[in-house]
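Working notes for the structure below.
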Amino acid sequence: MRRWRAVALKTAAFVLLLSSVGCATVPTPQTITDTKRLVGLWRGSVPCRDCPGHLPASLLIRDDATWTATVDQNSARTQSVDQASNLHGVFGIVDGVLRWGQDGRWYGRVTVVEHRGHEYLSMLKVNGQVWTEFQRAK
11 MRRWRAVALK
21 TAAFVLLLSS
31 VGCATVPTPQ
41 TITDTKRLVG
51 LWRGSVPCRD
61 CPGHLPASLL
71 IRDDATWTAT
81 VDQNSARTQS
91 VDQASNLHGV
101 FGIVDGVLRW
111 GQDGRWYGRV
121 TVVEHRGHEY
131 LSMLKVNGQV
141 WTEFQRAK
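In terms of the working numbering, the sequence shown is residues 11 to 148.
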C-alpha cells in the first residue's frame with residue numbers, strides 16, 4: 011500500500027511540474043493597433059513553391075505597411091530562388107485584427123509575440139496554420 015501511495019505522489023508531482031512548465035513557456039500575442047509598429051527588417055523563411063520546405067528570407071516592412079519578402083540568394087537552392095525570390099503584400103488592421111494580404115485580397119491573421127527578448131512575427135493562413143515566420147532583426 012505504501013508503494014502505491016509513493017507512486018501516486020510522484021505521479022501527481024510530475025503532472026504538476028509539467029503543467030506549470032507548459033504554462034510558463036507560451037508567449038501571449040501582442041495587440042497591434044498600428045502597422046507602423048511592424049516597420050523594419052525581419053529574418054525568417056518563406057515557403058518554397060516546388061519543394062516541401064521553407065527558404066531563408068528577409069522581410070522588409072515599410073511605413074505604408076507594404077512588405078517584401080526576399081529569399082536569401084546565398085543559402086537557397088538555385089532552382090527554388092526564381093520561384094520565390096520576391097513576395098509582396100500589405101499588412102492592415104481589418105475589423106480590429108492584424109491581417110496580411112496580397113494582390114488586393116486579405117488572407118490570414120498576423121501574430122506578434124515577444125519571447126526571451128526577441129520579437130517574432132507569424133503570418134497565418136486562413137485556416138490558422140502558420141504560413142511563414144520571422145524574427146525582428148537587431
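For every residue, glycine included, the Cβ atom is placed at its ideal position computed from N, Cα and C. From a predicted model like this one, the values you see are computed outputs, not experimental measurements.
Reducing DSSP to helix, strand and coil, say where residue i ends up.
i	result
glutamine 89	Residue placement at glutamine 89 cannot be trusted, given a pLDDT of 46 that sits under 50; what the coordinates show is reported in the next sentence. Residue state, collapsed to three classes: helix.
serine 29	Bear in mind that the predicted position of serine 29 carries a pLDDT of just 43, short of 50, making it unreliable; the figure below should be weighed with that in mind. Three-state result, serine 29: helix.
arginine 146	strand
arginine 126	coil
arginine 72	coil
glycine 138	coil
Can you tell which of the options has its C-alpha closest to the C-alpha of residue i?
i	options	result
cysteine 58	Lys148, Gln145, Arg146 and Trp141	Trp141
valine 49	Phe101, Gly127, Trp116 and Arg126	Phe101
isoleucine 103	Thr45, Asp82, Ser68 and Asp73	Thr45
glutamine 77	Gly111, Pro62, Val107 and Gly63	Correcting the residue type first, residue 77 is tryptophan in the shown sequence and not glutamine. If we check each option's Cα against that of tryptophan 77, Gly111 comes out closest.
asparagine 137	Gly118, Glu124, Glu143 and Cys61	Gly118
glutamine 145	Ala75, Thr41 and Pro66	Pro66
leucine 97	Glu124, Leu69 and His128	Leu69
isoleucine 42	Ser55, Ala75 and His64	Ala75
valine 120	Glu143, His128 and Val81	Glu143
aspartate 82	Ser55, Asp113, Ile71 and Asp105	Ser55
glycine 114	Arg126, Gln40, Gly99 and His125	Gly99
aspartate 73	Thr80, Leu51, Gly63 and Pro62	Leu51
Can you name the residues that DSSP bridges to residue i?
i	result
proline 66	Ser55
asparagine 96	Thr80
tryptophan 110	Phe101
threonine 121	Ser132
arginine 115	Gln112
So, is the C-beta of residue i closer than 7 Å to a C-beta in chain D?
i	result
threonine 121	In the structure shown, chain D cannot be found, because there is only a single protein chain.
Tell me whether residue i, by its Cβ, gets closer than 6 Å to a heavy atom of the ligand GTP.
i	result
histidine 128	Absence of the ligand GTP from the depicted structure is noted, as is the absence of any ligand whatsoever, leaving it without description.
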